Each structure stands twice: as C-alpha cells, then as structure tokens.
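Asks: Numbering (this note's numbering), first residue to last: 6 to 279. By construction, the Cβ of each residue, glycine as well, lies at the ideal position given by its N, Cα and C atoms. All of these numbers come straight from a predicted model, not from anything done at the bench.
So, in structure tokens, the structure goes:
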C-alpha cells in the first residue's frame, strides 16, 4: 500500500512527488516514457523556461478569465518560490528580456535532473517505462492503479498525466477519463501553443524566413472571444504549412477556440515600433 501514487513523471509529477515524500508520505511515481521529464527537456528550445519573472497577478493576467482556476495553486507556490527552490537545488537561474526565467547553463536537463534528485533524496520511488491502464476506487475508497504489469494500491492518487498536447511525449489524454470517473468536472479541450496553418500559396513561398520582432493581431468577428483583436509580439517563423514561433503559438488558443477557426485572420505589423 502506497500513501500516494503519482501518475506522470513530468514537471508537476516530479515536483509533487518530491514535496509529498519530504512530508513523510510513501510515494511512487509511475512514468510511461523510458525517462522522466520528457517535456521538460523539450521546453524553451531545450533550455527550459522555468517560469516568468513576475508576481502572481502577472501570471493571472496572462491567462485571462482562466486564471481564476490557477489562483489557489499560484498562492501556494508563486513564481518567486519556484525560482528559489530551483536555486536551492543547485540550478542557477537568469531572467531574460522577455521576462522568462531560464537556467544559467541553458540546459533543460539540469532542471530535470534536479527535480529527480529532489524526489529521490526525499525517499520517493520512481518507476519509468511503466504505463498506467486504469485508475479506480474500491469499496473502501482506496485507489486501484492498474499498470501494464501489475495492480497497485494507494490511499491517494495524483494525476499529472498532461493533456492532449503531444502524443509523442506521452500526453495522450488518459487522465481526462480517470478524472471524470473520480467526479471532477471537465472543460472542453482545444489546441493551444501550437503552430497555425494557412492554405495560401504565397505563405509557402516564404518557408524558412524568420522575423525577430513582429506584432500579430487576431482578427475575428467571433463574439465568443471577449476581445476580437488579440495581439502578441515577438519572433515569427514562416513554415511550409503556415507559421510558427512564439507569436503564432501565443495566439493559437484564440484561433482554435473560435467558432469558425478557418475564418480567423492574422494581421501582421512587421515594424511595430513605427
């Protein structure tokens, strides 16, 4: 019997497991990839953008109305506390002009390894290459966690499975069904932080061209969006399928959530300071 089984060995799972183990819990982390923290290693162009250099309100504003859901978690662990803990673990950090916080080494693996060491030193157990196939409660309200090799028992379960963002990294949406079965309310999912597609032939002719400083404005008549003219400024990359880079990815959630995404237009200001 485990006190806590954490399903998913990403940033949230590693952090949560280490914290619970440090408080005396008997903790097991199950990660279906061969190694933990796969998306940590990919984040920030393999440099790992740890958090943002701002206060809690700054984070909440960036998420708009969805920020209300994050408020309790952010008050429990604000950005400055995250940076302080990463520093305590031996990873020096820096703040770039964008406000993003990176390790001084520019190596995401340093952050991943620090979180793994943190949970192991606290006494938690990490099993990689183990896929969870089912999660349910028995008559005694204990949790039964079925893996591809065995059935495990726990007093509590922490779902850190990720969403539907990248099946190649293991985020295949398994946790949604388990959370729904446990009585949690699910919200509609749609793509975010993703490149944008365009059928225009002239776009394909620009493939590979990078623009370091562009302001993009989302233009849509969709009344579901509070502000039909949403903007982002930064790097922009033309691709063979459309566009990518920080700016398109920042506004992609608004495009995807529109009633008719294919009718949304992206208006570019190539010289935003003029």
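Taking only the alpha-carbon atoms, compute the straight-line gap between residue 233 and residue 197 and give it to the nearest angstrom.
Replies: As a working note, residue 233 is residue 228 in the chain shown. As a working note, residue 197 is residue 192 in the chain shown. For residue 233, the pLDDT reaches just 46, beneath the cut-off of 50, and the residue's location in the model is therefore unreliable, leaving the point undetermined.
Asks: How about residue 239 and residue 133: are their beta carbons less than 8 Å apart?
Replies: Residue 239 sits at position 234 when you count from the first residue of the chain shown. Residue 133 sits at position 128 when you count from the first residue of the chain shown. Cβ atoms of residue 239 and residue 133: not closer than 8 Å.
Asks: For the pair the stretch 144–157 and the stretch 47–58, tell me if three or more CB-CB distances fall below 8 Å.
Replies: With a cut-off of 8 Å, the stretch 47–58 and the stretch 144–157 do not count as touching, because too few Cβ pairs lie within range.
Asks: Apart from the five residues just before and just after residue 241, which ones in its own chain have a Cβ nearer than 6 Å to its Cβ?
Replies: Numbered from 1 along the chain shown, position 236 holds the residue referred to as residue 241. Contacts found: 216, 219, 250, 252.
Asks: Verify whether the separation of the beta carbon atoms of residue 10 and residue 148 is less than 8 Å.
Replies: Numbered from its first residue, the chain shown carries residue 10 at position 5. Numbered from its first residue, the chain shown carries residue 148 at position 143. Closer than 8 Å, so yes.
Asks: Looking at C-alpha atoms only, which residue of 187, 176, 110, 200 is the closest neighbour of residue 43?
Replies: The count along the chain shown starts at 1 and reaches residue 43 at position 38. If we check each option's Cα against that of residue 43, 176 comes out closest.
Asks: How is residue 74 classed by DSSP in three states: helix, strand or coil?
Replies: Numbered from its first residue, the chain shown carries residue 74 at position 69. In the structure shown, residue 74 sits in a helix (DSSP, three-state: H, G or I).
Asks: Applying the 10 Å Cβ sphere with the 16-neighbour rule, what's the burial state of residue 70?
Replies: In the chain shown, residue 70 corresponds to position 65, counting from 1. Residue 70 is exposed by the Cβ-count criterion.
Asks: Take residue 83 and list the residues in its own chain whose beta-carbon comes closer than 6 Å to its own, dropping the five residues that flank it on each side.
Replies: In the chain shown, the residue the question calls residue 83 occupies position 78. Contacts found: 61.
Asks: Can you tell me where the alpha helix (DSSP H) holding residue 48 begins and where it ends?
Replies: Taking the chain shown and counting its residues from 1, the one referred to as residue 48 is at position 43. That run of the alpha helix (DSSP H) goes 43–51.
Asks: For residue 18 and residue 221, I'd like the C-alpha separation in whole angstroms.
Replies: Residue mapping note: residue 18 aligns to position 13 of the chain shown, counting from 1. Residue mapping note: residue 221 aligns to position 216 of the chain shown, counting from 1. Approximately 35 Å, taken between the alpha carbons.
Asks: Using only alpha-carbon positions, find the residue among 214, 268, 225 that is nearest to residue 275.
Replies: Along the chain shown, one-based indexing puts residue 275 at 270. Ranking the options by Cα distance to residue 275, first place goes to 214.
Asks: Between the Cα of residue 105 and the Cα atoms of 81, 63, 124, 74, which residue gives the shortest distance?
Replies: Position 100 of the chain shown, counting from 1, holds the residue named residue 105. The option with the nearest alpha carbon to residue 105 is 63.
Asks: What is the residue span of the beta strand (DSSP E) that residue 112 lies within?
Replies: Within the chain shown, numbered from 1, the residue matching residue 112 stands at position 107. Run containing residue 112: none; DSSP gives neither H nor E here.
Asks: Restricting to Cα atoms, I'd like to know which of 262, 259, 270 is closest to residue 247.
Replies: Position 242 of the chain shown, counted from the start, is the residue given in the question as residue 247. Of 262, 259, 270, the residue nearest in Cα terms is 270.
Asks: Counting only runs that start and end within the stretch 175–244, where is the beta strand (DSSP E) found for 3 or more residues in a row?
Replies: Whole beta strand (DSSP E) segments, 3+ residues: 215–224, 234–243.
Asks: Expressed to the nearest angstrom, what Euclidean distance is found between the alpha-carbon atoms of residue 194 and residue 68?
Replies: Locating residue 194 in the chain shown gives position 189, counting from the first residue. Locating residue 68 in the chain shown gives position 63, counting from the first residue. Residue 194 and residue 68: Cα-Cα distance of roughly 15 Å.
Asks: Out of 267, 273, 124, state which residue places its alpha-carbon closest to the alpha-carbon of residue 24.
Replies: The count along the chain shown starts at 1 and reaches residue 24 at position 19. When only C-alpha atoms are compared, the closest one is 124.
Asks: In this structure, how does DSSP classify residue 160 when only helix, strand and coil are distinguished?
Replies: In the chain shown, the residue the question calls residue 160 occupies position 155. DSSP places residue 160 in strand when its eight states are reduced to three.
Asks: Compute the distance between the beta-carbons of residue 7 and residue 34, then report whether it is under 8 Å.
Replies: Residue 7 sits at position 2 when you count from the first residue of the chain shown. Residue 34 sits at position 29 when you count from the first residue of the chain shown. It is not a contact, given that the beta carbons lie outside the stated cut-off.
Asks: I need the boundaries of the beta strand (DSSP E) containing residue 249, first residue and last residue.
Replies: As a working note, residue 249 is residue 244 in the chain shown. 247–249 is the extent of the beta strand (DSSP E) around residue 249.
Asks: Tell me where the alpha helix (DSSP H) around residue 66 begins and ends.
Replies: Residue mapping note: residue 66 aligns to position 61 of the chain shown, counting from 1. Taken as a continuous stretch (DSSP letters only), the alpha helix (DSSP H) holding residue 66 covers 61–67.
Asks: Between which two residues does the alpha helix (DSSP H) holding residue 93 run?
Replies: Residue numbering aside, residue 93 sits at position 88 when the chain shown is read from its first letter. 84–93 is the extent of the alpha helix (DSSP H) around residue 93.
Asks: Among 235, 115, 187, 122, which residue has its Cα nearest to the Cα of residue 140?
Replies: Within the chain shown, numbered from 1, the residue matching residue 140 stands at position 135. Nearest of 235, 115, 187, 122 to residue 140, Cα basis: 187.
Asks: How big is the Cα-Cα spacing for residue 255 and residue 266?
Replies: Along the chain shown, one-based indexing puts residue 255 at 250. Along the chain shown, one-based indexing puts residue 266 at 261. Approximately 15 Å, taken between the alpha carbons.
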